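In the UniProt record's numbering, the protein residues as written are 1 to 202.
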């Protein structure tokens, strides 16, 4: 099942993809020696902790979770003979990717390499989905989310921090299965056939 752990699992999956790709890069590997170098904390938290700049050189922050209205309005799903399952709750996950090194040129390389890594994985691994339900679930995709300067400024104003170069990403749709029990359909007990004679009109 896609239970409530799915948000945690997908976020760690993204972090692992980024860390493995950055740690394998010849020019960036010295900045990424352990998984915590790709932090799940908000960039505002990392910048406000008084730590040395660049000690956690990349923030992958899940800053918003929104319902996917289109998928949440679907009818119940056939779950077996005479049984209907309630549709899962479908969500879109919005991430902010922010390099935090103290050197601007390193930040540019980190951001560009991160784009390259994530572009190579546009579909989230099916390992996160129950094998019995995959055919009835939409594909979970990783998309770059364009954020104009106004939208990005609002985010950084909410952080109460000066603007830093960042990118937005979206994962959609992520499904969390319903706890409501399946519904059994009432069996058809009687079929009525009504036949009318159609007379020709001359």
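We put the CB at the ideal spot given by N, CA and C, even for glycine.
As the structure is a prediction and not an experimental result, all values here were calculated from the model.
- Residue environment for residue 103: exposed (fewer than 16 other C-beta atoms within 10 angstroms of its C-beta).
- Boundaries cannot be given for residue 161, as no beta strand (DSSP E) includes it and DSSP labels it neither H nor E.
- Taking one beta carbon from each stretch, the segment 20–37 and the segment 107–118 have 3 or more pairs nearer than 8 angstroms; the two touch.
- Taking C-beta atoms under 8 angstroms as the contact rule, residue 95 and residue 60 qualify, at a distance of about 6 angstroms.
- Relative to residue 99, the option among 168, 176 and 7 whose CA is nearest is 168.
- Each of 175, 139 and 158 was checked against the Cα of residue 45, and the nearest Cα belongs to 158.
- Secondary structure of residue 118 (DSSP, three-state): helix.
- As far as DSSP is concerned, residue 152 takes part in no beta bridge.
- Pairing residue 124 with residue 141 gives a Cβ-Cβ distance under 9 angstroms.
- Among the bridge pairs identified by DSSP, residue 64 is matched with 94.
- Judged by DSSP secondary structure, residue 82 falls outside any beta strand (DSSP E); it is assigned neither H nor E.
- The beta carbon of residue 89 is closer than 6 angstroms to those of 176 in its chain, skipping five residues each way along the sequence.
- As a beta-bridge residue in DSSP terms, residue 143 pairs with 170.
- A direct Cα-to-Cα measurement between residue 38 and residue 122 gives close to 19 angstroms.
- Distance from the CA of residue 10 to the CA of residue 164, rounded to the nearest whole angstrom, comes to 25 angstroms.
- If you draw a straight line from the Cα of residue 40 to the Cα of residue 84, it is about 38 angstroms long.
- The distance from the Cβ of residue 174 to that of residue 14 is about 12 angstroms, inconsistent with a contact at the 8 angstroms cut-off.
- For residue 111, same chain residues with a beta-carbon under 8 angstroms away, outside a window of 5 residues either side, are 97, 99, 165 and 167 in chain order.
- Contact check for residue 108 against residue 65 fails: the beta carbons are separated by 9 angstroms or more.
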